[in-house]
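Numbering (the numbering used here), first residue to last: 2 to 222. Built from N, CA and C at the ideal position, the CB exists for glycine as well. To start, the structure under review is shown below, and the notes come after it.
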C-alpha cells in the first residue's frame, strides 16, 4: 500500500497536480484513495527521504522546490556516477547494446520532430539505461534514478528544442566513440561534455526558467 501511495503522489508531482511550494492535502488524499493515514504517512516519509517533499512540523507536507544549486549538485552526481560506470562497463557494451542505443536515439529524434516532450524524456532515460543497466551496482542505479526523477519532474511542461537537438547529437557522438572502442574518450566525453553543468548551463537555465512560467520556481539564480 505504501508503494502504491508513493507512486500515486510521484505521478501527481510529475503531472503538475502537486506543485513546488504547495502543501499536500493529506486528508483529501486519504479520503479520495480510501486509505488510512498510516500508509499515507509512511509514503510521505519515503518521499521526504528521496527529496521530493519536506514534512513541516505542525504545518503539513510541502512539495520541494528545485533550486539552481540542487540542479548543479544533481548534475555533478550524474556526471561522476555515469562516467565512472561507463569506464567500468566499457568491456560489456557490445554491438547489440550500441545498436540499441542508436535505435533509441533515432526514436528520440522522432519524438522531437513530433514535439512529444514526454516521450523524448522517457527515451532519454532509456538511452542511458541501455548501458547503465549492465551494472551490478544497484545503489548507484537507485541514486541515479531518483536524481533524474527530481531533475525532470516538470519536463512535460517545458521544452527547449535546441537542447533536445544538442542532446541527440551528443548521443550520436558517444555512439561513435563506443563503436571505435575508445574507452578513455567515451568516458571523457560523457564526463566533460554531456554531463558537464558548465557546458550545458545556458540550456539548463533556459529550461528551468521556462518551466517556472508554469509555477515551477527555480530559486538561487
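Residue i, DSSP secondary structure in three states
i           : result
residue 68  : coil
residue 135 : coil
residue 8   : helix
residue 208 : helix
residue 38  : helix
residue 88  : helix
residue 19  : coil
residue 202 : helix
residue 160 : coil
residue 196 : coil
residue 130 : helix
residue 220 : Since pLDDT at residue 220 reaches only 44, below the 50 mark, its modelled position is unreliable, and the value read off the structure follows with that caveat. DSSP places residue 220 in coil when its eight states are reduced to three.
residue 183 : coil
residue 146 : helix
residue 116 : coil
residue 13  : helix
residue 109 : helix
residue 30  : helix
Residues that DSSP places opposite residue i in a beta bridge
i          : result
residue 61 : 57
residue 24 : 63
Nearest-angstrom Cβ-Cβ length linking residue i and residue j, presumed shorter than 8 Å
i           : j           : result
residue 84  : residue 192 : 4 Å
residue 67  : residue 21  : 7 Å
residue 169 : residue 118 : Not a contact, Cβ separation roughly 14 Å.
residue 53  : residue 143 : In fact, because the Cβ distance is near 14 Å, the residues do not count as touching under 8 Å.
Distance CB(residue i)-CB(residue j) smaller than 8 Å
i           : j           : result
residue 24  : residue 72  : no
residue 41  : residue 14  : no
residue 188 : residue 87  : yes
residue 148 : residue 127 : no
residue 90  : residue 136 : yes
residue 45  : residue 36  : no
residue 112 : residue 120 : yes
residue 19  : residue 64  : yes
Heavy atom of the ligand FAD within 7 Å of residue i beta-carbon
i          : result
residue 56 : Looking for the ligand FAD in the displayed structure turns up nothing, as the structure carries no ligands at all.
Is it true that the stretch 65-80 meets the stretch 193-209, where meeting means three or more beta-carbon pairs spaced less than 8 Å apart?
-> Cβ pair count under 8 Å is three or more, so yes.
Within the chosen definition, does the stretch 199-209 reach the stretch 119-132 through at least 3 CB pairs nearer than 8 Å?
-> No: the two stretches stay apart, fewer than three of their Cβ pairs being nearer than 8 Å.
Hey, is the stretch 92-105 in contact with the stretch 175-182, meaning 3+ C-beta pairs nearer than 8 Å?
-> Result yes; three or more Cβ-Cβ pairs closer than 8 Å.
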